[in-house]
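Since the structure comes first, as structure tokens, the remarks are kept for the end.
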Amino acid sequence: MKKLFMLILLSFIFFSSNAQGDSYSNDAVQLAARLVVNQATGEISEHLIYSIEDALIAVAQSPYVSANAVAHRYQIHTSPTVNVKNARIILGKEATWSQDISENPIQKILPNYKFTLEVIETTDTYVVLNFASEKTLNMKFIANEISYLNNVWMVELPTIILNKDDIQLKEIEGGYLLTYVYHTGSSEGDYGETHYWNFEVKHNGNVKFLGEHGADLAVNSQDTEKSFFTLLNEQRP
Numbered sequence: 000m001k002k003l004f005m006l007i008l009l010s011f012i013f014f015s016s017n018a019q020g021d022s023y024s025n026d027a028v029q030l031a032a033r034l035v036v037n038q039a040t041g042e043i044s045e046h047l048i049y050s051i052e053d054a055l056i057a058v059a060q061s062p063y064v065s066a067n068a069v070a071h072r073y074q075i076h077t078s079p080t081v082n083v084k085n086a087r088i089i090l091g092k093e094a095t096w097s098q099d100i101s102e103n104p105i106q107k108i109l110p111n112y113k114f115t116l117e118v119i120e121t122t123d124t125y126v127v128l129n130f131a132s133e134k135t136l137n138m139k140f141i142a143n144e145i146s147y148l149n150n151v152w153m154v155e156l157p158t159i160i161l162n163k164d165d166i167q168l169k170e171i172e173g174g175y176l177l178t179y180v181y182h183t184g185s186s187e188g189d190y191g192e193t194h195y196w197n198f199e200v201k202h203n204g205n206v207k208f209l210g211e212h213g214a215d216l217a218v219n220s221q222d223t224e225k226s227f228f229t230l231l232n233e234q235r236p
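What follows is the structure, given as structure tokens:
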């Protein structure tokens, strides 16, 4: 009976991890964007994004009970704290290109980026343009560059509704330190208490669970981890 239970549990972890593999691409983009947000570049390296995505998938597919908790039980993903797609430009009508945005000077200062401009509001004194990129960019840098153009009054980075949970990333030698942040609150605006899980992920795919702390959850992964591997040892001849 115990052997059947272990086979079912291991199969569930394996297939659930594979099914969620593609869902980490957005998380990887967000985490990569956070790393470059203060750098003087609009580019977010695809190599960096893929590297982070591999690390996230490695955690989700690792045999730790704690990994199953963050990836499947609580389904923790990044909160979109960094804008990577669009900006709002408030342009004074004294600008000649406010009447014909196809004559905009943005392409001249950002020749390597593909984007669209759309008028979303107009008044007697200014127009509001939506700048939308075809690919993910470090929009903080892009907005700063656009803000120096003549007659641009302001450039805003629209915010997105944030998730109550998050994944945090820190670059370390040979890999990443990933911290999964879970809030116990169930309603909007009520985050409740916070719980943290820490994993070290090397570029070669090796995952090490470093521990957890915070809110008292119904199931503590560290205690369950011990019970899980104790049960595995009992099955060995």
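For the sequence shown, numbering that gives the first Met the number 0 begins at 0 and goes up steadily by one. Glycine included, C-beta positions come from ideal geometry on N, C-alpha and C. Just so you know, these numbers come straight off a predicted model, no measurement behind them.
Give me the Cα-Cα distance between residue i and residue j, rounded to the nearest whole angstrom.
i, j, result
"I89", "A57", "43 Å"
"Q167", "E120", "36 Å"
"L116", "L156", "15 Å"
"D165", "D123", "42 Å"
"L47", "A31", "6 Å"
"I75", "L34", "20 Å"
"Y63", "K163", "24 Å"
"V154", "S146", "6 Å"
"T193", "T183", "6 Å"
"H212", "K201", "22 Å"
"A39", "A214", "39 Å"
"D26", "P104", "33 Å"
"I171", "K84", "28 Å"
Exposed or buried, which one is residue i when buried takes at least 16 other CB atoms within 10 Å?
i, result
"K169", "exposed"
"N67", "buried"
"T158", "exposed"
"Q29", "buried"
"D189", "exposed"
"D99", "exposed"
"W152", "exposed"
Measuring alpha carbon to alpha carbon, tell me which residue in the options is nearest residue i.
i, options, result
"E144", "A27, Y112, F198 and I108", "I108"
"L247", "G191, L47, T124 and Y63", "Since the first residue of the chain shown is 0 and the last is 236, residue 247 is not available in this structure."
"K134", "F198, V36 and E45", "E45"
"I160", "E172, T77 and K92", "T77"
"G302", "N103, N129, Y179 and T183", "With the chain covering only 0 through 236, there is no way to say anything about residue 302."
"L55", "L148, I100 and L177", "L177"
"N205", "G174, E42 and S132", "G174"
"N22", "N111, S65, Y49 and I105", "Reading off the sequence shown, one finds Ser at residue 22, where the question assumed Asn. S22 has its Cα closest to that of Y49, out of N111, S65, Y49 and I105."
Keeping to the same chain, check which residues put their C-beta closer than 6 Å to that of residue i; ignore five residues upstream and five downstream.
i, result
"A70", "A59"
"Y73", "Y181"
Enumerate in chain order the residues of its own chain whose CB-to-CB distance from residue i is below 7 Å, with the five nearest sequence positions on each side excluded.
i, result
"S24", "E52"
"V36", "V81, N137 and K139"
"S61", "V206"
Excluding the 5 residues preceding and the 5 following residue i in the sequence, name in chain order all residues of the same chain whose CB lies nearer than 8 Å to its CB.
i, result
"N150", "L90, G91, E93, A94 and S97"
Determine, for residue i, whether the minimum Cβ-Cβ distance to residues of chain B falls below 8 Å.
i, result
"R72", "Annotation note: the requested chain B is absent from the structure, which comprises a single protein chain."
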